[in-house]
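Under our numbering, the first residue of the sequence shown carries the number 1183, and numbering increases by one thereafter. Everything below concerns the one structure shown next.
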Amino acid sequence: MQKFTTDVIDIISNIPSGKVMTYGQIARMAGSPRGARQVSRILHSMSRKYNLPWHRVINAQGEISIKNEELYNVQKLSLESEGILFNGNAIELGKYQYKV
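In structure tokens:
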């Protein structure tokens, strides 16, 4: 497995309950500032295998990127159950974004 992939898995694994990180933020921390789409692919393909808290990863606008309505609702309810509040469709990143 490539170092970037293992770093992404490690970063996502350590996002605490009640906090979120963006795809781009994770990519930068893992050493690839333009790797947000790679983070998305890793999250999609490895969440189940590594039991990743996939629901804590959102886009740079503070929104859920999932287009599937059912999965969107699962992610939103999961975040709300951790105390994260939505303002319309967005999360206030200044309040909920995890910064290492």
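Yeah, the Cβ is synthetic: ideal placement off N, Cα and C, and Gly gets one too.
Item                                                                                                                                                   : Value
Just mark Val-1202 as buried or exposed, buried being the case when its beta carbon has 16 or more other beta carbons within 10 Å.                     : buried
Just to check my reading of the structure: Ile-1197 and Tyr-1280 have Cβ atoms closer than 8 Å, yes? What is that Cβ distance to the nearest angstrom? : 5 Å
Rounded to a whole number of angstroms, what is the C-alpha to C-alpha distance between Pro-1215 and Arg-1223?                                         : 15 Å
How would you call Tyr-1205, buried or exposed, if buried means at least 16 neighbouring beta carbons within 10 angstroms?                             : buried
Going by the DSSP bridge assignment, what does Asn-1255 pair with across the sheet?                                                                    : Beta-bridge pairing links Asn-1255 to no other residue.
Give the secondary structure of Ala-1218 by DSSP, where H, G and I count as helix, E and B as strand, and everything else as coil.                     : helix
Bridge partners for Ala-1272 per DSSP, in chain order?                                                                                                 : Glu-1245 and Asn-1269
What do you get for Tyr-1278, buried or exposed, if any count of 16 or more other CB atoms within 10 angstroms of its CB means buried?                 : buried
In the structure shown, what three-state DSSP assignment does Met-1228 receive?                                                                        : helix
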